[in-house]
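Asks: Chains as they are written, first to last, in our numbering: chain A, 1 to 208; chain B, 209 to 416. Structure provided below as structure tokens; questions to follow.
There are 2 protein chains.
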Amino acid sequence: MPRPRSLDHDAIAGAALAIVDRDGLAALSMRSVAAELGVGTMSLYRYVAGREEVERLIVDRVFLAAHIPIAKTASWDRQVIVLCEALRAAIAGHPAIIPLLLVRFAASPGAWHWLEALLSALSRAGFDARHRAVAVRTLQAYVIGVVQSEYLNSLTGESTVALASMPIDDFPLIVETARSAMSVSPDQEFALGLTMVVDGLRASLSAR
Amino acid sequence: MPRPRSLDHDAIAGAALAIVDRDGLAALSMRSVAAELGVGTMSLYRYVAGREEVERLIVDRVFLAAHIPIAKTASWDRQVIVLCEALRAAIAGHPAIIPLLLVRFAASPGAWHWLEALLSALSRAGFDARHRAVAVRTLQAYVIGVVQSEYLNSLTGESTVALASMPIDDFPLIVETARSAMSVSPDQEFALGLTMVVDGLRASLSAR
DNA sequence: TGACGTAGTCGTACGGTGTACGCATAACCT
DNA sequence: AGGTTATGCGTACACCGTACGACTACGTCA
């Protein structure tokens, strides 16, 4: 009977993501989102429980973008790698949201679809339910952890430069490693690290 | 010539950690830290550049606690596991700081000591500098990622319960996996996952 | 002994934040 | 046309980080 709603979750997620991409995570506030949508601040609360839910909506969007259809004919490890790369690619479009990723992960329906696809690959590989739980959490921890590292302090970025120029007597291995690390591109780092983790999964499979 | 200093970094870190442990990360503010120390808010700024440095001091403390001496006689993979377990144990004493971990990691001298020890284990295993860079980042990403997962949404916690009671037609594998996951203790999850990652490292070593 | 210069202390203020409350209003149904 | 009812949102409050500058306690030197 009353007047029609003028917003929805999708519009809010879009506005919030636009702000974060343009001005960074620190610029995200209920006021800025409302302004982006051309409505009063408190109007948002008709559609969303609070800031937490806005953050959840953002994370949701990004995970949905990571939910690509996977080739059923591919090997299980190839499927896992493709899904993890898709997640990384989806995040790459919005690196500023990274601190929100793990905090809002569990409550994001978009993340569930991605998870289900990953579990499907592990299931066909022969992981039983309990084993699958550990494997999927390991993958998830690695991918989210490495993406956080990648953007918060990239191997090719200034924090590595800082490490490379520390006193060599105090931290000889850090200095030597950091120097070599500067030539490892983010793509290489991710591919090599993910291969290591997947190799570890395979080893745990044959050890059973 | 003037009056003596009444604070130092150690006292500030201790007060901040006490607040975070007692009342959670949200309760950490320049005002609360100052009150804990019995000092005016702005007095803190004589000793610290701002909130960021307070956060860095906390992270530093925790990493220092993770910097245990390692048995030189142990195998490299045992050394790696011991160091990672020490980090997890250090964090376990102050789970509320977890969101700060990765953000402040690179700027924390305490973290450097832990890193150096980890690199030393990898070095004696035969990883060259470039390979070591990837391996150490993989480990770091995994450990920090899994600890975040563990406390933000434990496998035995309510988010797993929520996943287990989702519509089984939409997410069959998530539901089945979540049911089994509830019987995996955090310790088991960490030990099993870490073993997988270390196995992956070993595989990458012999593949060279 | 007394005055001085300096550096530690911190009160005040400003521009931000999330959100509780409650009123005005626009749109639908009768 | 009138009544209902959810929407839109103005205001207010408590909190945040921190810039600024006045006050003050101290170690030193005259």
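Even for Gly, the Cβ is constructed at its ideal location relative to N, Cα and C.
(1) Between which two residues does the alpha helix (DSSP H) carrying A:Leu-139 extend?
(2) Would you say B:Asp-229 and B:His-302 are within 8 Å of each other, going by their C-beta atoms?
(3) Within 8 Å (strictly less), CB to CB, does A:Tyr-142 reach chain B?
(4) My understanding is that B:Leu-272 touches A:Val-134, with C-beta atoms under 8 Å, so please give their C-beta distance in whole angstroms.
(5) Which of the three DSSP states is assigned to A:Phe-105 in this structure?
(6) Whose CA, out of A:Ser-6, A:Asp-187, A:Ile-174, lies closest to the CA of B:Leu-330?
(7) Which residue's Cα is closest to the Cα of A:Ala-66: A:Ile-81, A:Val-54, A:Met-196?
(8) Taking only the alpha-carbon atoms, compute the straight-line gap between B:Ser-362 and B:Glu-397 and give it to the nearest angstrom.
(9) The ligand MG heavy atoms versus the CB of B:Leu-381: any closer than 7 Å?
(10) Leaving out the 5 sequence neighbours to the left and right, which residues in its chain are closer than 6 Å to B:Ala-333 when beta-carbon positions are compared?
(11) Tell me whether A:Ala-90 sits in a helix, a strand or coil according to DSSP, three-state version.
(12) In chain order, what residues of the same chain have a beta carbon less than 6 Å from the beta carbon of A:Thr-160, not counting five sequence neighbours either side?
(13) Which term fits B:Ile-376, buried or exposed, when burial requires 16 or more other beta carbons within 10 angstroms of its beta carbon?
(14) Under 8 Å, Cβ to Cβ, is there at least one residue of chain A near B:Pro-307?
(15) If we cut at 8 Å on Cβ distances, does B:Gln-287 have a partner in chain A?
(16) Buried or exposed for A:Met-196, please, with buried defined as at least 16 other CB atoms from any protein chain shown within 10 angstroms of its CB.
(17) Determine the closest residue to B:Leu-360 out of B:Arg-211, B:Arg-338, B:Asp-395, B:Pro-307, with distance taken between C-alpha atoms.
(18) Evaluate B:Ala-282 with the Cβ neighbour count: other Cβ atoms within 10 Å of its Cβ, from every protein chain shown; 16 or more gives buried, anything less gives exposed.
(19) Spatial neighbours of A:Glu-36 within its chain, please: C-beta separation below 7 Å, excluding the five flanking residues on both sides.
(20) If the cut is a Cβ gap below 7 Å, which residues of chain B does A:Ala-181 touch?
(21) For B:Leu-326, which residues from the same chain have a beta carbon less than 7 Å from its beta carbon, with the 5 sequence-adjacent residues on both sides left out?
Replies: Taking the structure as given:
(1) Run containing A:Leu-139: 129-152, per the alpha helix (DSSP H) assignment.
(2) One thing to note: B:Asp-229 has its Cβ within 8 Å of the Cβ of B:His-302.
(3) Judged by the 8 Å Cβ criterion, A:Tyr-142 is in contact with chain B.
(4) Not really, about 30 Å apart at Cβ, beyond 8 Å.
(5) Here A:Phe-105 sits in helix by DSSP.
(6) With distances taken between Cα atoms, B:Leu-330 lies closest to A:Ile-174.
(7) Put simply, of A:Ile-81, A:Val-54, A:Met-196 the residue whose alpha carbon is nearest the alpha carbon of A:Ala-66 is A:Ile-81.
(8) Spanning the two alpha carbons is a distance of roughly 10 Å.
(9) Here there are no bound small molecules, and the ligand MG is not part of this structure.
(10) Contacts found: Trp-284.
(11) Residue state, collapsed to three classes: helix.
(12) Correct list, in chain order: Ala-178, Ala-181, Met-182.
(13) Result: exposed.
(14) True, the Cβ-Cβ gap to chain A drops below 8 Å.
(15) Not an interface residue.
(16) Residue burial is scored here from C-beta neighbours: A:Met-196 has at least 16 other C-beta atoms within 10 angstroms and is therefore classed as buried.
(17) Taking only the C-alpha atoms, the option nearest B:Leu-360 is B:Pro-307.
(18) When all chains shown are included, B:Ala-282 counts as exposed.
(19) Contacts found: Ala-15, Ala-18, Ile-19.
(20) Using a Cβ-Cβ cut-off of 7 Å, A:Ala-181 is close to Ala-341 of chain B, given in chain order.
(21) When the five nearest sequence neighbours on each side are left out, the beta carbons in the same chain lying within less than 7 Å of the beta carbon of B:Leu-326 are those of Val-288, Leu-291, Val-344, Leu-347, in order along the chain.
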